[in-house]
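Per our numbering, the very first residue in the sequence shown carries number 153; after that it's consecutive. Glycine included, C-beta positions come from ideal geometry on N, C-alpha and C. These notes concern the structure reproduced below.
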Amino acid sequence: MAYLAETTNLLHPTQIGGRLKKSAIDAALLLTTEIESNKRRKRKTTTLLLDVKGAFDHVAKNQLLAILKRLRLPVNLISWISSFLDDRQLRLSFDGQIEEFSLIDTGIPQGSLVSPILFLIYIRELFQSSSVRYLSYIDDISMTVSSTSFRKNVEILEREATKLYELGAQNAIQFDLAKTELIHFAKCADAKGALNLPNGETI
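So this is what it looks like as structure tokens:
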């Protein structure tokens, strides 16, 4: 899976986390390079930061397998992944109290080497718009735009956030409002402007 991630179009080019020789530093450098490039072109940059809610725990098995089939991965590999996600059990222990095992039919295992790649495949179809610059580090997503004003940036991001939320809903993906942030990159006092999310919240 790691080999396919680096040698084919299995993942979107902007997905950095969980991949060979790609780190959070790379993501930060790509964003700062974008900001500096826009600054030289006299353009204002705004970034919307989102977090996929629940990440690994909320991956829907049937949806993931459907994506793997659309990507035309080998049948034996899809069968292995299906088996990997089958017959999983969970038992919680807290304050000396240990629960009985219970079956879980959603999510992918934490700590497995293949899980990050499966998660990246699961969210790969979110990155469809050409109107924004995406960066994705596992479950953290940034959408960056630039224009002649922060007001225009907000308008673009509101439109693209609506599309992203719709794609998320189609793929059983939700976003964590508490971890959503809007950043206008500027030293001047005009770096203002709130953004209305599709769910009615304002940030």
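Whole-angstrom distance between L163 and A157, CA atom to CA atom: 6 Å
Alpha carbon to alpha carbon, what distance is there between S298 and E188? 11 Å
Would DSSP call R222 helix, strand or coil? helix
What residues in its chain sit with their C-beta under 7 Å from that of I269, if we drop five residues either side in the sequence? M153, A154, A157 and G170
Euclidean distance between Cα positions of I293 and L202: 5 Å
Using 8 Å as the threshold, is the region 219 to 235 in touch with the region 340 to 355, meaning 3 or more CB pairs across them? no
Taking DSSP's pairing of strands, which residues face T200 in a bridge? The amino acid occupying residue 200 in the given sequence is Leu; Thr does not appear at that position. Answer is M295 and L334.
Just confirm the distance between the C-beta atoms of K213 and D257, as a whole number of angstroms; I'd bet it's less than 8 Å. 7 Å
Opposing strand residues paired with S288 [DSSP bridges]: Q167 and I293
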